[in-house]
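Chains as they are written, first to last, in the UniProt record's numbering: chain B, 1 to 190; chain P, 1 to 190. See below for the structure under consideration.
2 protein chains.
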Amino acid sequence: MTKQEHIVNTALTLFYTKGLHAVGINEILAESNVAKKTLYNHFASKDELICACLAKRDTQFNSWFEEICNKPLAIEVAISLFTGLKLWFANQVPKLGHFNGCFFINAAAEYPNAQHPIAKQCMQHKQTILDIILTALLATPELKNNKVKALEIAHTLLTLKEGLICQARVMRNQSLVMPSITLLKHITQS
Amino acid sequence: MTKQEHIVNTALTLFYTKGLHAVGINEILAESNVAKKTLYNHFASKDELICACLAKRDTQFNSWFEEICNKPLAIEVAISLFTGLKLWFANQVPKLGHFNGCFFINAAAEYPNAQHPIAKQCMQHKQTILDIILTALLATPELKNNKVKALEIAHTLLTLKEGLICQARVMRNQSLVMPSITLLKHITQS
DNA sequence: ATGTGTGTAGACAAGTCGGTCTACTTTTAA
DNA sequence: TTAAAAGTAGACCGACTTGTCTACACACAT
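In structure tokens, the structure reads:
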């Protein structure tokens, strides 16, 4: 593992756990046992380091997300999506780390200016997630010839996903109810 | 308007627009034309001021939310909820100010420690919102004798609401699709 | 009129922030 | 072997942070 990767790994954990503004450069240095000069050799600024962390999390998260969406039938995509989320919320997905909400929603909350590179990267991530769901749905026999309906279902599933993540984060898993399979059937069949 | 209310109003706008960590005491003082001593006469710390802002937003938001949930039939509650959100996202609800996502989700993102007073207040807000939806549903003839189903529907509507708010915030209203009325019918009837 | 709020203006303390820079050491490759 | 590259440790800079405190002004009730 290169120094650069090591810094990003440490920084990502801290940023995701405590928030972007709450973690200072010095804390990252202390935690990763790296000299300040080394960090600034690899990243021009804190913002650039944050962007690298977002990129890393994007890769990490999407690979897991593609896995759980990869099911042959539309209803199975939906069910797998929500059982996967449930596992994540219960900290049973090691590669995603200790659950602390959506890193990109959290990051966007700290950088409200939509033109900021960090905000843009968060937008991009959400678009990618939608694409992953849509691709999975379009690969099913039920929906491969109905792009309009597939897109509509993808949007609904995405909305439920984001809603569940926020509730799991803010409510700390209390008062969290997953969509029933009956509901998912309605969504994927109607 | 008392000095205290004036300070909270100014602080709330700044906090909601720019984020909690991003806004300093001095910026609030400059914007509100108030002396530092005056602020610290009314609030013991920045955290306490933030809590006062959360409380103010809670009152403000809930009064609007109760209005839009106050419909005689379950399906109307659902439809009214999402048309209301759409108006909010489009900045057409003056009393809620310029849309910038859910203040409580944003705040919780900046204070990940669940024991922190700010995090607790965010949790409380979400519980209240669930109660408002549930109360509205239990007042309808379809659901007044079915508390279990009413609670299930309330949770689903809440999840969709949170998901839409996050998407509207992160994606800046791009790629945002409201639940279809057909879907809402399924949810409120099944 | 005389004290008691409550307000203003802003200096100040003590610490943190991101970021630069120097001096020195280790690793690596020609 | 030697020179360049990449690392360490940490002093330092200026700006900013929350919060305290002094000195003063005005309003109002006794």
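Glycine included, every Cβ here is placed at the ideal spot set by N, Cα and C.
Considering only their Cβ atoms, is the gap separating Ile105 of chain B from Cys166 of chain B smaller than 8 Å? Position 166 of the first sequence holds residue 166 of chain B. Position 105 of the first sequence holds residue 105 of chain B. Less than 8 Å separates the beta-carbon of Cys166 of chain B from that of Ile105 of chain B.
Taking the alpha carbon of Ile79 of chain P as the reference point, which residue from P:Lys161, P:Arg169, P:Ala168 has its own alpha carbon closest? Numbered from its first residue, the second sequence carries residue 79 of chain P at position 79. For the residues P:Lys161, P:Arg169, P:Ala168, the minimum Cα distance to Ile79 of chain P belongs to P:Lys161.
Measuring alpha carbon to alpha carbon, tell me which residue in B:Ile129, B:Thr182, B:Val170, B:Asn173 is nearest residue 208 of chain B. An answer regarding residue 208 of chain B cannot be provided, because it is not within the stretch 1 to 190 covered by chain B.
Per-residue DSSP class, three states only, for Arg172 of chain P: Here residue 172 of chain P refers to the residue found at position 172 of the second sequence. Correct three-state label for Arg172 of chain P: coil.
Measure the CB-CB distance between Leu14 of chain B and Glu27 of chain B and report whether it falls below 8 Å. For the purposes of this step, residue 14 of chain B is identified with residue 14 of the first sequence, where counting begins at 1. For the purposes of this step, residue 27 of chain B is identified with residue 27 of the first sequence, where counting begins at 1. Contact flag set, yes.
For Glu110 of chain B, decide whether its Cβ has a neighbour in chain P, counting only Cβ atoms nearer than 8 Å. Counted from its first residue, the first sequence places residue 110 of chain B at position 110. Yes - at least one Cβ of chain P is within 8 Å of the one on Glu110 of chain B.
Cα-Cα separation between Arg169 of chain B and Glu110 of chain B, rounded to whole angstroms: Reading the first sequence from its first residue, position 169 is the one you call residue 169 of chain B. Reading the first sequence from its first residue, position 110 is the one you call residue 110 of chain B. For Arg169 of chain B and Glu110 of chain B, the distance between alpha carbons rounds to 16 Å.
Cα-Cα separation, Asn146 of chain P to Leu138 of chain P: Position 146 of the second sequence holds residue 146 of chain P. Position 138 of the second sequence holds residue 138 of chain P. Answer to the nearest angstrom: the Cα atoms are 8 Å apart.
Does any heavy atom of the ligand FMN sit closer than 7 Å to the C-beta of Glu5 of chain B? The ligand content of the structure shown is nil, which means the ligand FMN is not present either.
Roughly how many angstroms separate the alpha carbons of Pro112 of chain P and Lys18 of chain B, rounded to a whole number? To locate residue 112 of chain P, count along the second sequence from 1; it is residue 112. To locate residue 18 of chain B, count along the first sequence from 1; it is residue 18. Taking the straight line from one Cα to the other gives about 6 Å.
Decide if Asn41 of chain P is buried, meaning its Cβ has at least 16 other Cβ atoms within 10 Å, or exposed. Taking the first residue of the second sequence as 1, we reach residue 41 of chain P at position 41. Label assigned to Asn41 of chain P: exposed.
Beta-carbon within less than 8 Å of Lys46 of chain P's beta-carbon, same chain only, minus the 5 sequence neighbours each way: which residues are those? For the purposes of this step, residue 46 of chain P is taken as residue 46 along the second sequence, with counting starting at 1. Once the five neighbours on either side are set aside, the close Cβ partners of Lys46 of chain P are Ile25.
Closer than 9 Å by beta-carbon distance: list the chain P residues that pair up with Phe104 of chain B, in chain order. The count along the first sequence starts at 1 and reaches residue 104 of chain B at position 104. Within chain P, the residues near Phe104 of chain B are Val170.
Pull out every residue of the segment 11-28 of chain P whose Cβ sits closer than 8 Å to any Cβ of chain B, in chain order. Thr17, Lys18, Gly19, His21, Ala22
Between the Cα of Thr135 of chain P and those of P:Ala74, P:Pro179, P:Asn100, P:Ala107, spot the shortest distance and give me the residue it belongs to. Here residue 135 of chain P refers to the residue found at position 135 of the second sequence. Cα-wise, what sits closest to Thr135 of chain P is P:Ala74.
At 8 Å on the CB atoms, spell out the chain P contacts of Met123 of chain B, in chain order. Position 123 of the first sequence, counting from 1, holds the residue named residue 123 of chain B. Simply Val170, Met171, Arg172, Gln174.
Any beta carbon from chain B within less than 8 Å of Cys53 of chain P's own beta carbon? Position 53 of the second sequence, counted from the first residue, corresponds to residue 53 of chain P. It does not: the Cβ of Cys53 of chain P has no partner Cβ on chain B nearer than 8 Å.
Count the other C-beta atoms from every protein chain shown that fall within 10 angstroms of the C-beta of Pro179 of chain P, then say buried if there are 16 or more, exposed otherwise. In the second sequence, counting from the first residue as 1, residue 179 of chain P sits at position 179. Buried: at least 16 other Cβ atoms inside 10 Å.
Out of curiosity, what's the CA-to-CA distance linking Gly84 of chain P and Ile133 of chain P? Counting from one through the second sequence, the residue named residue 84 of chain P turns up at place 84. Counting from one through the second sequence, the residue named residue 133 of chain P turns up at place 133. Taking the CA atoms as reference points, Gly84 of chain P sits about 13 Å from Ile133 of chain P.
Suppose contacts are defined by Cβ-Cβ distances below 8 Å. Is Thr140 of chain B in contact with Val77 of chain B by that definition? By one-based count along the first sequence, residue 140 of chain B stands at place 140. By one-based count along the first sequence, residue 77 of chain B stands at place 77. Yes.
Per-residue DSSP class, three states only, for Met123 of chain B: For the purposes of this step, residue 123 of chain B is identified with residue 123 of the first sequence, where counting begins at 1. Helix, per DSSP.
Output the distance between the C-alpha atoms of His186 of chain P and Cys102 of chain B, rounded to the nearest integer angstrom. The residue you call residue 186 of chain P lines up with position 186 of the second sequence. The residue you call residue 102 of chain B lines up with position 102 of the first sequence. In a straight line, the C-alpha of His186 of chain P is about 29 Å away from that of Cys102 of chain B.
Who are the neighbours of Lys126 of chain B on chain P, taking C-beta pairs under 8 Å? Mapped onto the first sequence, residue 126 of chain B falls at position 126. Think of a sphere of 8 Å around the beta carbon of Lys126 of chain B: the chain P residues whose beta carbon falls inside it are Gln167, Val170, Met171, Ser175, in chain order.
Listed by chain order, chain B residues near Lys161 of chain P by CB distance under 8 Å: Along the second sequence, one-based indexing puts residue 161 of chain P at 161. Gly163, listed in chain order.
Residue range of the alpha helix (DSSP H) that includes Gln115 of chain B: Indexing the first sequence from 1 puts residue 115 of chain B at position 115. Looking at the DSSP string, Gln115 of chain B is not in any alpha helix (DSSP H), and its letter there is neither H nor E.
Less than 8 Å between CB atoms is the rule here; does Ile187 of chain P satisfy it with respect to chain B? One-based indexing of the second sequence puts residue 187 of chain P at position 187. It does: the Cβ of Ile187 of chain P has a partner Cβ on chain B nearer than 8 Å.
Ignore the nearest five residues each way along the sequence and tell me which others in Asn62 of chain B's own chain have a CB closer than 7 Å to its CB. Working through the first sequence from its first residue, we reach residue 62 of chain B at position 62. If we look at Asn62 of chain B and ignore the five residues flanking it on each side, its Cβ neighbours are Thr128, Ile132.
Option in B:Ala154, B:Gln174, B:Leu184, B:Leu49 with minimal Cα separation from Phe89 of chain B: If you number the first sequence from 1, residue 89 of chain B lands on position 89. Of the listed residues, the one whose Cα sits closest to Phe89 of chain B is B:Gln174.
Thinking C-alpha only, which one of P:Ile7, P:Leu157, P:Trp64, P:Leu183 is nearest Lys37 of chain P? The count along the second sequence starts at 1 and reaches residue 37 of chain P at position 37. The shortest C-alpha separation from Lys37 of chain P is found at P:Ile7.
Looking only at its own chain, which residues have a Cβ that is under 7 Å from the Cβ of Cys51 of chain P, when we skip the five neighbours before and after it? Here residue 51 of chain P refers to the residue found at position 51 of the second sequence. Cβ neighbours of Cys51 of chain P beyond the five flanking positions: Pro117, Ile118, Gln121.
Would you mind sorting Glu48 of chain P into buried or exposed? The rule is 16 or more other CB atoms within 10 Å of its CB. For the purposes of this step, residue 48 of chain P is taken as residue 48 along the second sequence, with counting starting at 1. The residue is exposed, with fewer than 16 neighbouring Cβ atoms inside 10 Å.
Can the beta-carbon of Leu164 of chain B be found closer than 8 Å to that of Leu183 of chain B? Residue 164 of chain B sits at position 164 when you count from the first residue of the first sequence. Residue 183 of chain B sits at position 183 when you count from the first residue of the first sequence. No, the Cβ-Cβ distance between Leu164 of chain B and Leu183 of chain B is not below 8 Å.
Run through the segment 37-116 of chain B for me and flag every whole alpha helix (DSSP H) of 4 or more residues, listed as ranges in chain order. 46-69, 74-89, 103-110
Closer than 8 Å to chain P by CB, Leu183 of chain B: To locate residue 183 of chain B, count along the first sequence from 1; it is residue 183. Closer than 8 Å: yes.
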